[in-house]
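Report on the structure given below.
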């Protein structure tokens with residue numbers, strides 16, 4: 003036996019929490035206009051989930067390159083390819099104030115990578131967000147104007163993170 | 003909305019079921035001698051899980067090559083590298099009758115691959131198994147001498163499979 007979770011459990015708890023957070027967020031954003039940002043395409047599993055549960059939303063997916071399952075690959079018009087430190091600031095201008103839900107799933111097992119990418123998202127996502135937008139993330143973030151929310155039932159503590167954005171001065 | 007699960011849900015339900023089945027199996031094999039077969043190393047997550055929960059068991063891991071996280075990579079003496087159609091029959095002779103738990107996690111999204119690999123495991127694993135051995139699998143198997151068992155609580159139906167082996171003539 004062991005105190006820390008195994009690699010299998012880390013994946014399990016993260017996916018379980020992500021699934022619960024997404025289900026919670028899908029309900030919360032219902033009736034509010036806005037587009038979706040998915041940071042990190044990976045194999046395309048979460049993109050597939052988003053397009054099934056949010057069929058009427060515009061979804062934009064960010065990644066360095068496309069390594070997804072062929073049937074989980076976004077339309078080229080939905081893909082924003084390149085280094086997040088370059089693509090995210092530009093996209094935040096292009097889609098200023100229109101993102102109602104951002105799912106950031108860009109962590110790895112490298113602390114250096116996680117710290118760097120969490121810094122990029124924290125610094126550059128803000129201008130894209132609509133008032134009331136939700137950010138779900140596999141890493142802790144500090145986007146100005148956001149507060150951290152408790153996780154919904156079914157998500158283990160610290161396995162995923164939820165933030166709500168309020169535009170100041172509104 | 004959609005009727006069929008998304009790719010994210012397919013992964014989630016499979017990991018959830020695998021985790022529940024492994025926890026169930028760890029209890030069941032307690033006190034019974036025998037070694038462990040892990041068919042499919044992948045990133046090494048399940049191997050990491052097995053070695054944490056079964057620290058006193060010999061574990062042998064089968065795969066074509068090593069693509070695991072460095073810290074989840076088995077000792078070379080625990081790895082049996084090569085095509086399963088060649089390595090499994092040999093290992094079944096080498097470890098005849100001594101495997102108390104086999105976890106077979108070798109499926110993909112290719113039906114042809116799944117059908118082929120499920121046929122190999124079904125045909126070649128049997129001689130390795132101890133009387134009363136449990137087989138957990140992400141694919142349906144038909145190993146002679148086994149019966150399929152119901153899944154434990156927490157595992158969704160048909161997301162994983164459990165079989166118990168009884169040596170005939172005992």
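Chains as they are written, first to last, in my numbering: chain A, 3 to 172; chain B, 3 to 172. Here a beta-carbon is modelled for each residue, glycine too, at the ideal position from N, C-alpha and C.
#1: Give the DSSP bridge partners of residue 62 of chain B, in chain order.
#2: Below 8 Å on C-beta distance, what does residue 8 of chain A contact in chain B?
#3: With DSSP run on the structure shown, which of helix, strand or coil describes residue 3 of chain B?
#4: Using the beta-carbon of each residue, which ones in chain B are nearer than 8 Å to residue 11 of chain A?
#5: If I measure Cβ to Cβ from residue 149 of chain A and keep anything under 7 Å in the same chain, skipping five residues before and after, which residues do I get?
#6: Report yes if the CB atom of residue 90 of chain A is closer than 8 Å to the CB atom of residue 49 of chain A, and no otherwise.
#7: If I'm right that residue 39 of chain B touches residue 119 of chain B with Cβ under 8 Å, what's the distance once you round it to whole angstroms?
#8: Using a Cβ cut-off of 8 Å (strictly closer), state whether residue 161 of chain B contacts chain A.
#9: Could you give the DSSP three-state label for residue 97 of chain A: helix, strand or coil?
#10: Three-state secondary structure (DSSP) at residue 69 of chain B?
#11: Using CA atoms only, rank isn't needed, just tell me which of A:61, A:132, A:112 and A:114 is closest to residue 79 of chain A.
#12: Just how far apart, CA to CA, sit residue 3 of chain B and residue 94 of chain B?
#13: For residue 137 of chain B, list the residues DSSP reports as bridge partners.
#14: Would you mind giving the Cβ-Cβ distance between residue 26 of chain B and residue 152 of chain B, rounded to the nearest angstrom? I have them listed as a contact below 8 Å.
#15: Hey, out of B:104, B:168 and B:159, whose CA is closest to residue 59 of chain B's CA?
#16: To the nearest angstrom, how far is the alpha carbon of residue 41 of chain B from that of residue 158 of chain A?
#17: How long is the line joining the alpha carbons of residue 124 of chain A and residue 96 of chain A, rounded to whole angstroms?
#18: Here's the rule I'm using: 16 or more other beta-carbon atoms within 10 Å means buried, otherwise exposed. How should residue 132 of chain B be labelled?
#19: Any beta carbon of chain B sitting closer than 8 Å to that of residue 167 of chain A?
#20: Identify the residues that DSSP records as bridge partners of residue 150 of chain B: which are they?
#21: Alpha carbons only, please: which of A:170, A:147, A:168 and A:140 is nearest the one belonging to residue 23 of chain A?
#22: According to the Cβ coordinates, are residue 66 of chain B and residue 162 of chain B closer than 8 Å?
#23: How big is the Cα-Cα spacing for residue 110 of chain B and residue 57 of chain B?
#24: Anything in chain B within Cβ reach of residue 18 of chain A, meaning under 9 Å, just list it in chain order.
#25: Only counting the same chain, and skipping five residues up and downstream in sequence, which positions put a Cβ closer than 8 Å to that of residue 69 of chain A?
Looking at the atomic coordinates:
#1: The secondary-structure analysis by DSSP pairs residue 62 of chain B across a beta bridge with B:39.
#2: Under the 8 Å cutoff, chain B gives 47, 50, 51, 54 and 55.
#3: Only weak support exists for where residue 3 of chain B lies, its pLDDT of 49 falling under 50; the value from the coordinates is given anyway. It is coil, neither helix nor strand.
#4: Simply 21 and 51.
#5: So the list reads 165 and 166, once near-sequence residues are dropped.
#6: No; because the gap between Cβ atoms is not below 8 Å, this pair is not in contact.
#7: Contact doesn't hold; Cβ gap of about 14 Å is too wide.
#8: Taking 8 Å as the threshold, the shortest C-beta distance from residue 161 of chain B to chain A does not fall below it.
#9: Here residue 97 of chain A carries a coil assignment [DSSP, helix/strand/coil].
#10: Note: residue 69 of chain B maps to coil in three-state DSSP.
#11: The candidate whose alpha carbon is nearest that of residue 79 of chain A is A:61.
#12: At residue 3 of chain B, the pLDDT of 49 sits below 50, so the modelled position is not reliable and the matter cannot be decided from this model.
#13: Paired residues: B:104 and B:165.
#14: Taking C-beta atoms under 8 Å as the contact rule, residue 26 of chain B and residue 152 of chain B fail to qualify, at a distance of about 10 Å.
#15: Taking only the C-alpha atoms, the option nearest residue 59 of chain B is B:104.
#16: For residue 41 of chain B and residue 158 of chain A, the distance between alpha carbons rounds to 29 Å.
#17: Each residue's Cα considered, the two are about 18 Å apart.
#18: Under this definition residue 132 of chain B is a buried residue.
#19: At a cut-off of 8 Å between beta-carbon atoms, residue 167 of chain A makes no contact with chain B.
#20: As a beta-bridge residue in DSSP terms, residue 150 of chain B pairs with B:165.
#21: When C-alpha distances from residue 23 of chain A are compared across A:170, A:147, A:168 and A:140, the shortest belongs to A:140.
#22: No, Cβ-Cβ distance for residue 66 of chain B and residue 162 of chain B is not below 8 Å.
#23: Each residue's Cα considered, the two are about 29 Å apart.
#24: Within chain B, the residues near residue 18 of chain A are 14, 17 and 18.
#25: So the list reads 43, 44 and 45, once near-sequence residues are dropped.
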